[in-house]
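K.L.:
Below are the structure tokens for one structure; questions will follow.
There are 2 protein chains.
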Amino acid sequence: MSISASRRSFFKQGAVLSAAGMMLPACQAKSPKKVNVPDQLRILFQGDSITDANRDRSSIKSNDFLKGMGNGYALLAASNLWIDHPTTDWHYYNRGVSGDKVFQLADRWEADCFDIQPDVLSVHIGVNDFWHTLTNDYKGTVETYEKDFLKLLEKTQSKLPKLKFIIGEPFVVLGGTSIDTEEWIPAFRDYQRAAADIAKKMGATFIPYQQIYDTAVADQGVAYWCPDGVHPSLAGSALMAKAWMDAFRELYSN
Amino acid sequence: MSISASRRSFFKQGAVLSAAGMMLPACQAKSPKKVNVPDQLRILFQGDSITDANRDRSSIKSNDFLKGMGNGYALLAASNLWIDHPTTDWHYYNRGVSGDKVFQLADRWEADCFDIQPDVLSVHIGVNDFWHTLTNDYKGTVETYEKDFLKLLEKTQSKLPKLKFIIGEPFVVLGGTSIDTEEWIPAFRDYQRAAADIAKKMGATFIPYQQIYDTAVADQGVAYWCPDGVHPSLAGSALMAKAWMDAFRELYSN
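This is the structure:
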């Protein structure tokens, strides 16, 4: 077997023995390149169900991956970071809450952001700000979303001036079982543009999840990556975690 | 920022936009090299708490990653496979049960292996077969472990002759908070030798977790990878998942 170079260099150490006991050249390659990151770091994932991913909300301490990190992209991103940046003083928190819109983040921001005092804040919010206008009689508009989201992040920046931001684009996977394309498009595109504009204003690194899903779905279909059009499969979460890792490196590239 | 080649090639598609809206060359590289794997596959993870990893045992259907896959190396390995081998007809099952020894696997093998009819069976078992002799007044010996484990796998092979086996070495991380080295060493080494012997007899791919942990711990310390000496941190689970991926590729390398 030839293990691809990409995989080999992904390993720090270790090896695989074949059944015959032969040592295979599995895990000898050099560590992944490291960007210049601090020894101490608090990383907060914020958002809705996509971030929440069935986490146990009673678990609020950092790094409680068996309960508190959920089973989505936040857990997978943390697992990648743990390998790439071995340090004992990084703290990961997941505070995604299923169903949340921007104003609901704002309502719990004191406990779920300021009390944590993150160094990196990753926010992925917006799908419910639109979706619930279709399903839950929610009256907010794209202006509500944009104004409240910007206000929340500006307040956060003024209280935590050294904070670095990652903003994930809200996405929809057309063809998903819960999505009526005519209801979503073009209206939802305005929410995506608003998120991108806010990222620019805030100096945030922006993850264009829509493009990432569109490309993936063209290859392999909706059911594989995001069956209902909103909630990722594990494959979708892994795809997002990889994009998130690139965004994280971008934060520390200067 | 320079994203390392290893990371870049790990991505299938996607990109990261900087705050200034510039498209970064993040995710354009080619897919990871694929080994020759079938379109349909049932992959079963079996073992003790390390495999279980807090899974919801009421969830028994395949691919139920929000509940049924736990939060350990099995979930992380499945997330890697999902990206590397995009196909809609692979089924992942986790049937690890915290505290289990070999005889307890055997007791539930009809429902937790034969009913699933796996194509790939990954088993990681043995730490409790020794540990419970120290803590739970368990009377089994290394001979019990070796004989019962071999018998179980031979029975499985005779019923599922095309099944491919991965056997993970039971490991202990000396210096962990739950481990008294004098109690464990050298006695536990016999269990590890037994597992390696069984892997050889069964034509299984063997994952030498002990060496993998020893190397990692020398770099970064026990608390980072496996605080209590038995149960991995998320970093430890990610380390195991990467070794597991190499083992999986070895299965399909011919």
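Quick mapping for you: the protein sequence lines, in order, are chains A and B.
Residue numbering for the first sequence follows numbering that gives the first Met the number 0, beginning at 0 and increasing consecutively.
Residue numbering for the second sequence follows numbering that gives the first Met the number 0, beginning at 0 and increasing consecutively.
Positions of the beta carbon are idealized from the N, C-alpha and C atoms, including for glycine.
Please read these numbers as outputs of a predicted model, since none were measured by experiment.
1) For the beta strand (DSSP E) that residue 131(A) lies in, which residues bound it at each end?
2) Determine the burial state of residue 240(A): buried for a count of at least 16 other Cβ atoms within 10 Å of its Cβ, exposed for fewer.
3) Curious, which full-length beta strand (DSSP E) runs of at least 3 residues does the region 179-220 of chain B contain?
4) Compare the Cα-Cα distances from residue 100(A) to each of 251(A), 60(A) and 144(A) and report the closest residue.
5) DSSP puts residue 89(A) in a beta bridge; with which residues?
6) Say whether chain A places a C-beta atom closer than 9 Å to the C-beta of residue 160(B).
7) How long is the line joining the alpha carbons of residue 95(A) and residue 211(B), rounded to whole angstroms?
8) Assuming residue 231(A) contacts residue 49(A) (C-beta within less than 8 Å), just tell me the rounded distance between them.
9) Could you tell me whether any Cβ in chain A is nearer than 9 Å to the Cβ of residue 60(B)?
10) Alpha carbon to alpha carbon, how far is residue 38(B) from residue 160(A)?
11) According to DSSP, is residue 59(B) helix, strand or coil?
12) Determine the chain B residues that contact residue 64(A) at a beta-carbon separation under 7 Å, and present them in chain order.
13) Going by DSSP, name the residue or residues bridged to residue 139(B).
14) Which same chain residues, not among the five before or five after residue 242(A), have their C-beta less than 6 Å away from its C-beta?
15) So residue 228(B) and residue 175(B) are in contact, right, with Cβ under 8 Å, and what is the actual spacing, rounded?
16) Taking only beta-carbon positions, decide if residue 176(A) is within less than 9 Å of chain B.
17) Taking Cβ-Cβ distances below 7 Å as the criterion, which residues of the region 84-96 of chain A are in contact with chain B?
18) Could you please tell me which residues of the region 210-225 of chain A, in chain order, have their CB closer than 8 Å to any CB of chain B?
19) Using the C-alpha atoms, what's the distance from residue 52(A) back to residue 98(A)?
20) Is residue 88(B) buried or exposed, if buried means 16 or more other CB atoms sit within 10 Å of its CB?
21) Would you give the residue range spanned by the alpha helix (DSSP H) that residue 80(A) belongs to?
22) Residue 57(B) touches chain A at which residues, Cβ-Cβ below 8 Å?
23) For the alpha helix (DSSP H) that contains residue 98(B), what are its first and last residues?
24) The alpha helix (DSSP H) spanning residue 235(A) covers which residue range?
P.N.:
Taking the definition as stated:
1) Position 132 of the first sequence, counted from the start, is the residue given in the question as residue 131(A). Looking at the DSSP string, residue 131(A) is not in any beta strand (DSSP E); the run it does join, the alpha helix (DSSP H), is 126-134.
2) The residue you call residue 240(A) lines up with position 241 of the first sequence. Residue 240(A) should be labelled buried.
3) 204-206
4) On the first sequence, residue 100(A) is found 101 positions in, with the first residue counted as 1. Checking every option, the nearest Cα to that of residue 100(A) belongs to 144(A).
5) By 1-based counting over the first sequence, the position of residue 89(A) is 90. Paired residues: 40(A).
6) Numbered from 1 along the second sequence, position 161 holds the residue referred to as residue 160(B). By this cut-off, residue 160(B) is not an interface position.
7) Taking the first residue of the first sequence as position 1, residue 95(A) is located at position 96. Taking the first residue of the second sequence as position 1, residue 211(B) is located at position 212. Rounded to whole angstroms, residue 95(A) to residue 211(B) spans 34 Å at the Cα level.
8) Start at 1 with the first residue of the first sequence, and residue 231(A) comes out as number 232. Start at 1 with the first residue of the first sequence, and residue 49(A) comes out as number 50. Their Cβ separation, rounded to whole angstroms, is 6 Å, which keeps residue 231(A) and residue 49(A) in contact under 8 Å.
9) One-based indexing of the second sequence puts residue 60(B) at position 61. Answer no: the Cβ-Cβ gap between residue 60(B) and chain A never drops below 9 Å.
10) Here residue 38(B) corresponds to residue number 39 of the second sequence, with the count starting at 1. Here residue 160(A) corresponds to residue number 161 of the first sequence, with the count starting at 1. For residue 38(B) and residue 160(A), the distance between alpha carbons rounds to 51 Å.
11) Your numbering for residue 59(B) matches position 60 in the second sequence. Correct three-state label for residue 59(B): coil.
12) Taking the first sequence and counting its residues from 1, one reaches residue 64(A) at position 65. Result: 70 and 233.
13) Here residue 139(B) corresponds to residue number 140 of the second sequence, with the count starting at 1. Note: residue 139(B) sits in no beta bridge, so no partner.
14) Taking the first residue of the first sequence as position 1, residue 242(A) is located at position 243. Taken in chain order, the residues that qualify are 206 and 211.
15) Numbered from 1 along the second sequence, position 229 holds the residue referred to as residue 228(B). Numbered from 1 along the second sequence, position 176 holds the residue referred to as residue 175(B). That pair is a contact at about 2 Å.
16) Numbered from 1 along the first sequence, position 177 holds the residue referred to as residue 176(A). So, not an interface residue.
17) 85 and 87
18) 210, 211, 214, 215, 218, 219, 220, 222 and 223
19) Along the first sequence, read from residue 1 onward, the residue named residue 98(A) stands at position 99. Along the first sequence, read from residue 1 onward, the residue named residue 52(A) stands at position 53. Their Cα atoms are separated by approximately 11 Å.
20) As a first step, residue 88(B) must be located in the second sequence, where it is residue number 89. Result: exposed.
21) Mapped onto the first sequence, residue 80(A) falls at position 81. Where residue 80(A) is concerned, the enclosing alpha helix (DSSP H) stretches over 72-83.
22) For the purposes of this step, residue 57(B) is taken as the residue at position 58 of the second sequence. Within 8 Å Cβ-Cβ: nothing; residue 57(B) doesn't reach chain A, min ~13 Å.
23) Within the second sequence, numbered from 1, the residue matching residue 98(B) stands at position 99. Careful: residue 98(B) lies outside any alpha helix (DSSP H) and carries neither H nor E.
24) On the first sequence, residue 235(A) is found 236 positions in, with the first residue counted as 1. Run containing residue 235(A): 233-250, per the alpha helix (DSSP H) assignment.
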